[in-house]
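Student: Let me give you the structure first, and then I'll get to my questions.
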Amino acid sequence: MRIEENRSDVKVNVSNESKRKRRHKKVLPVQRLYKTCKEVFADCGPDIIPSPEKIQTLVAVLDKITQADVDLRPNMLFFDSKRASIITYQQLHECDKFSIGIFCLPPSSVIPLHNHPGMTVFSKLLFGTMHIKSYDWVDTKDKGDAIPNGVAPVANPSNSYPDGLRLAKLKVNSEFTAPCSTSILYPTDGGNMHCFTAKTACAVLDVLGPPYCDPEGRHCQYYFDYPLTDFPVDGVPVPEEEKNSYAWLQERENPEDLVLLGAPYTGPKIVET
């Protein structure tokens, strides 16, 4: 009897130990994201895009990540409406191949129109409603882009128009509410230049491959955007259906009213391997 009872205890102990080991081996979402990014961007660099298969693998991981996985809630101080002019950035990881970070935007805050030179960027809206406006450069030489009527007299819209203006095509101009799919932009397509406007408190998980790097010439450049009709060419009218599909962009200095503060990431930690 006592032997049978002891064996039973051993079985229970072994069973409990197995459960503890299984729980211990469970991979946290942020750790899975880090591991996937290492694999996806291993052979990439500036202007080198991961394969479609690798892109879909990373998207599948990002699509499953929630605000709880990174320990964020809309009622945190980062998202207080009284801090509308302050945007907080939490860095989870950065190396020469990729970076992972979260932008915390209070209601009505704006990340002005800016670019991502040579980068492939994945953005996952964790919570909130956000308006996104994005553009790609019109490039008749490499991409064979069509030129809207009324702009045709410009010899090469890929180059700067007088006053530093350059022609761009509108890619996205819509509101997004979480939960929604991960968005992707590429070095020359998908809306490489975009602007975020928070309609409510928002958190955006960003993956950049490769990250910004001033010494290598990948610095963040900001832009003004102007309606196509603001700068007519030789008085040639622009057709109504094309007026809202294009814009003139002009480089600007870093916005003085943009306050971007770094804050420690307090969610589950990434174990770098």
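So for the sequence shown, full-length UniProt numbering puts the first residue at 1; every next one is plus one.
Idealized CB from N, CA, C, for every residue including glycine.
#1: I'd like to know whether the C-beta atoms of Asn-115 and Cys-220 end up nearer to each other than 8 Å.
#2: In its own chain, which residues sit with a C-beta less than 6 Å from the C-beta of Ala-155, not counting the 5 before and 5 after it?
#3: In its own chain, which residues sit with a C-beta less than 7 Å from the C-beta of Gly-101, not counting the 5 before and 5 after it?
#4: Tell me, which residues are paired with Lys-133 by DSSP?
#5: From this set, Pro-46, Ile-184, Ile-65, which residue's C-alpha is nearest Asp-96's C-alpha?
#6: So, helix, strand or coil for Phe-78, using DSSP?
#7: Who are the Cβ neighbours of Leu-62 in its own chain at under 8 Å, not counting the five residues just before and after it?
#8: Can you tell me which residues form a DSSP beta bridge with Glu-251?
#9: Compute the distance between the beta-carbons of Pro-268 and Val-30, then report whether it is under 8 Å.
#10: Looking only at its own chain, which residues have a Cβ that is under 7 Å from the Cβ of Cys-247, when we skip the five neighbours before and after it?
#11: Check whether the Cβ atoms of Gly-118 and Arg-252 lie closer than 8 Å to each other.
#12: When the distance is taken between beta carbons, is Ala-198 closer than 8 Å to Pro-52?
#13: Give every residue of the same chain whose Cβ lies closer than 8 Å to the Cβ of Gly-262, excluding the five residues on either side of it in the sequence, and list them in chain order.
#14: By a C-beta neighbour count over all protein chains shown, 10 Å radius and 16 as the cutoff for buried, is Gly-164 buried or exposed?
#15: Using 8 Å for Cβ pairs, my map puts Val-110 next to Phe-196. What's the rounded Cβ distance?
#16: Looking at C-alpha atoms only, which residue of Ser-85, Pro-215, Tyr-265, Glu-272 is the closest neighbour of Pro-255?
#17: Run through the stretch 35 to 67 for me and flag every whole alpha helix (DSSP H) of 4 or more residues, listed as ranges in chain order.
Tutor: This is what the structure holds:
#1: For the purposes of this step, residue 115 is identified with residue 115 of the sequence shown, where counting begins at 1. For the purposes of this step, residue 220 is identified with residue 220 of the sequence shown, where counting begins at 1. Contact flag set, yes.
#2: The residue you call residue 155 lines up with position 155 of the sequence shown. Residue confidence for Ala-155 is low, a pLDDT of 38 falling below 50, so the modelled location carries little weight; the figure read from the coordinates is stated next. Within the same chain, Ala-155 has no close Cβ partners at all.
#3: Within the sequence shown, the letter at position 101 stands for residue 101. Around Gly-101: Tyr-89, Gln-90, Gln-91, Leu-92, Asp-206.
#4: In the sequence shown, residue 133 corresponds to position 133, counting from 1. Lys-133 pairs with Asn-173, Cys-195.
#5: Here residue 96 corresponds to residue number 96 of the sequence shown, with the count starting at 1. Checking every option, the nearest Cα to that of Asp-96 belongs to Pro-46.
#6: Taking the sequence shown and counting its residues from 1, one reaches residue 78 at position 78. When DSSP states are grouped into helix, strand and coil, Phe-78 belongs to the helix group.
#7: As a working note, residue 62 is residue 62 in the sequence shown. So the list reads Leu-33, Phe-122, Lys-124, Thr-182, Leu-205, Val-207, once near-sequence residues are dropped.
#8: As a first step, residue 251 must be located in the sequence shown, where it is residue number 251. By DSSP's assignment, Glu-251 forms a beta bridge with Tyr-223.
#9: Locating residue 268 in the sequence shown gives position 268, where the first residue counts as 1. Locating residue 30 in the sequence shown gives position 30, where the first residue counts as 1. Going by C-beta atoms, Pro-268 is nearer than 8 Å to Val-30.
#10: Against the sequence shown, residue 247 aligns to sequence position 247. Looking at the sequence provided, one finds Ala at residue 247 rather than Cys. Only Tyr-135, Ala-168, Leu-170, Asp-225, Tyr-226, Pro-227, Leu-228 meet the Cβ criterion.
#11: Numbered from its first residue, the sequence shown carries residue 118 at position 118. Numbered from its first residue, the sequence shown carries residue 252 at position 252. Not a contact, by the Cβ cut-off of 8 Å.
#12: Residue numbering aside, residue 52 sits at position 52 when the sequence shown is read from its first letter. Residue numbering aside, residue 198 sits at position 198 when the sequence shown is read from its first letter. No, the Cβ-Cβ distance between Pro-52 and Ala-198 is not below 8 Å.
#13: Residue 262 sits at position 262 when you count from the first residue of the sequence shown. Spatial neighbours of Gly-262 in its own chain (CB-CB distance under 8 Å, excluding positions within 5 residues in sequence) are listed in chain order as Thr-88, Tyr-89, Gln-90, Gln-91.
#14: For this step, residue 164 is matched to residue 164 along the sequence shown. Counting C-beta atoms within 10 angstroms of its own C-beta, Gly-164 has fewer than 16 neighbours from the protein chains shown and is therefore classed as exposed.
#15: Numbered from its first residue, the sequence shown carries residue 110 at position 110. Numbered from its first residue, the sequence shown carries residue 196 at position 196. Right, their Cβ atoms sit about 7 Å apart.
#16: On the sequence shown, position 255 is the one that residue 255 refers to. When each option's Cα is compared against that of Pro-255, the closest is Ser-85.
#17: 52 to 64
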